[in-house]
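Structure first, commentary second.
What follows is the structure, encoded as structure tokens:
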């Protein structure tokens with residue numbers, strides 16, 4: 016807990032960054048349609064391999080992604096600006112300002128114990144905005160099953176630890192969906208993001224920035240690029256050689272939250288395994304990286320959100336197995352748009368630029384601790400079921416699932 020003296024020191028900087036207590040920001044609440052308030056049952060984020068078999072939900076999802084990617088880039092809730100929160104273009108989102116003592120970077124927290132919970136409201140924001148499109152699109156259908164699908168919609172995840180190759184669907188040029196007018200093949204929004212303004216703004220996306228290579232010369236997102244085109248087979252080779260299953264299982268054997276959270280000085284952390292996936296998809300070339308390889312550009316690639324939904328899932332499962340272990344005070348090592356290098360960080364450090372449902376209180380690691388507060392769950396975490404409705408029962412079930420799915424044994 017931050018002392019009164021420490022709070023007095025931090026308050027002026029936090030006020031500069033987040034504004035006064037009366038400032039109003041976009042409220043990130045997650046999605047709460049489809050939640051059973053009596054039983055606590057919540058719609059689940061599902062594995063994309065199963066999710067795509069659900070025609071109504073899949074059709075709404077694909078059309079919502081297209082709508083989001085077509086939203087003008089100067090719109091705060093466009094694909095460009097939501098993805099830009101993570102890294103470039105490194106400017107204010109929702110009127111949350113740069114920490115005057117921070118390094119030149121985006122809002123995302125990496126190599127930091129803030130990593131797990133910063134990404135939770137971030138993916139929830141993406142999910143919440145996407146769900147708005149889903150609801151609008153569902154109204155165009157005559158069948159009530161599309162409204163039902165819209166109400167239980169949550170984003171899918173890709174479990175790269177059990178299936179270390181990209182889902183086939185993310186590399187297809189077109190996908191078949193059911194539209195209000197009938198079946199149609201549409202351009203696949205999971206394949207890439209087409210930047211609307213190209214060439215990219217040289218101020219926001221400068222050439223030859225260290226680590227970025229020639230990435231700013233591409234009009235679309237690319238995966239393990241060669242001669243300006245994606246090479247998904249190379250990305251799959253990289254994934255297959257990354258030992259993701261073993262490394263994931265190793266993290267589940269860790270019982271300390273801070274150790275699980277960040278890969279700053281060790282590999283038994285979900286951030287480390289998460290980093291492996293980023294680099295495997297984007298490629299390892301320092302002069303010609305794909306978008307997923309550099310955190311400044313990675314969130315523009317549509318596969319980013321499938322990847323981070325799974326990272327959040329693994330972290331939530333770990334939390335269920337270790338319910339009493341949580342973040343302890345630490346020192347920020349890399350810095351972000353709102354957190355300075357060397358700053359003392361705690362479970363109460365604001366996770367900029369994300370605000371709770373009141374639009375005034377920043378999300379923190381403490382307030383983002385439980386996924387139920389965002390209105391979703393995962394298949395392994397149905398804590399409303401009679402056989403899982405206690406902390407002990409849930410922990411035992413998740414432990415058994417982890418052993419079954421991720422144990423490297425025969």
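Residue numbers (the working numbering): 16 to 425. The beta-carbon is built from N, C-alpha and C at its ideal position, and this holds for glycine as well. What you are looking at is a predicted structure, and each value in this text was computed from that prediction instead of being measured.
> If you draw a straight line from the C-alpha of residue 275 to the C-alpha of residue 351, how long is it?
Replying inline: C-alpha separation (whole angstroms): 20 angstroms.
> If you count every other CB in all the chains shown that lies within 10 Å of the CB of residue 18, and 16 or more means buried, which is it?
Replying inline: A caution first: residue 18 carries a pLDDT of 36, below 50, which makes its placement in the model too unreliable to give a value.
> Grouping DSSP H, G and I as helix and E and B as strand, with all else coil, what is residue 303?
Replying inline: Coil.
> Thinking C-alpha only, which one of 126, 309, 120, 94 is nearest residue 141?
Replying inline: Ranking the options by Cα distance to residue 141, first place goes to 94.
> Where does the unbroken alpha helix (DSSP H) through residue 95 begin, and where does it stop?
Replying inline: If you look at residue 95, you'll find it in the alpha helix (DSSP H) that goes 94 to 101.
> Helix, strand or coil: which one does DSSP assign to residue 313?
Replying inline: Residue state, collapsed to three classes: helix.
>> Here's the rule: buried if 16 or more other CB atoms are within 10 angstroms of the residue's CB, otherwise exposed. What is residue 158?
In response: By the neighbour-count rule (16 or more Cβ atoms within 10 Å), residue 158 is not buried but exposed.
> What do you get for residue 45, buried or exposed, if any count of 16 or more other CB atoms within 10 angstroms of its CB means buried?
Replying inline: Its Cβ being crowded by 16 or more others within 10 Å, residue 45 is buried.
>> Between the alpha carbons of residue 414 and residue 241, how many angstroms are there, rounded?
In response: Taking the straight line from one Cα to the other gives about 41 angstroms.
> Roughly how many angstroms separate the alpha carbons of residue 355 and residue 219, rounded to a whole number?
Replying inline: Answer to the nearest angstrom: the Cα atoms are 21 angstroms apart.
> In this structure, does DSSP put residue 72 in helix, strand or coil?
Replying inline: Note: residue 72 maps to helix in three-state DSSP.
> Below 9 angstroms between beta carbons: does that hold for residue 234 and residue 267?
Replying inline: Their beta carbons are not under 9 angstroms apart, which means residue 234 does not touch residue 267 by this criterion.
>> How far does the beta strand (DSSP E) with residue 368 in it extend, from its first residue to its last?
In response: Secondary structure note for residue 368: its beta strand (DSSP E) is the uninterrupted segment 365 to 370.
> What whole-angstrom Cβ distance do residue 79 and residue 148 have, given they're in contact under 8 angstroms?
Replying inline: Confirmed, Cβ separation roughly 4 angstroms.
> How is residue 261 classed by DSSP in three states: helix, strand or coil?
Replying inline: Note: residue 261 maps to helix in three-state DSSP.
> Taking Cβ to Cβ, would you say residue 49 is nearer than 9 angstroms to residue 130?
Replying inline: Cβ distance not < 9 angstroms, so residue 49 and residue 130 don't count as in contact.
> Any idea what DSSP makes of residue 155, helix, strand or coil?
Replying inline: DSSP places residue 155 in coil when its eight states are reduced to three.
> Going by the beta-carbon positions, is the gap between residue 345 and residue 330 smaller than 9 angstroms?
Replying inline: Residue 345 places its beta carbon 9 angstroms or farther from that of residue 330.
> Can you list the alpha helix (DSSP H) stretches of 4 or more residues lying completely in the segment 197 to 256, in chain order?
Replying inline: If we require 4 residues or more, the alpha helix (DSSP H) runs fully inside the segment 197 to 256 come out as 247 to 255.
>> If contacts are defined as beta-carbon pairs under 8 angstroms, then residue 270 and residue 288 qualify, I think. What distance do you get, rounded to the angstrom?
In response: A Cβ-Cβ distance of about 17 angstroms is found for the pair residue 270 and residue 288, leaving them out of contact under the 8 angstroms criterion.
> Roughly how many angstroms separate the alpha carbons of residue 83 and residue 212, rounded to a whole number?
Replying inline: Between the alpha carbons of residue 83 and residue 212 lies a gap of roughly 15 angstroms.
> Over what stretch of residues does the beta strand (DSSP E) that includes residue 192 continue unbroken?
Replying inline: For residue 192, the enclosing beta strand (DSSP E) starts and ends at 189 to 194.
> According to DSSP, what are the bridge partners of residue 360?
Replying inline: 345.
>> Please classify residue 315 as buried or exposed, where buried requires at least 16 neighbouring CB atoms within 10 angstroms.
In response: A buried status is given to residue 315, since no fewer than 16 other beta-carbon atoms sit within 10 Å of its beta-carbon.
>> For a minimum of 4 consecutive residues, which ranges assigned as the alpha helix (DSSP H) are wholly contained in the segment 111 to 167?
In response: Correct list: 130 to 153, 160 to 166.
>> Going by DSSP, what residue range makes up the alpha helix (DSSP H) through residue 326?
In response: First-last of the alpha helix (DSSP H) with residue 326: 318 to 336.
>> Nearest by alpha-carbon distance to residue 229: which of 302, 309, 170, 339 is it?
In response: The candidate whose alpha carbon is nearest that of residue 229 is 302.
>> Check for me: the alpha helix (DSSP H) holding residue 406 runs from which residue to which?
In response: Residues 406 to 421.
>> By the three-class DSSP mapping on this structure, what secondary structure does residue 64 have?
In response: When secondary structure is reduced to three states using DSSP, residue 64 falls in the helix class.
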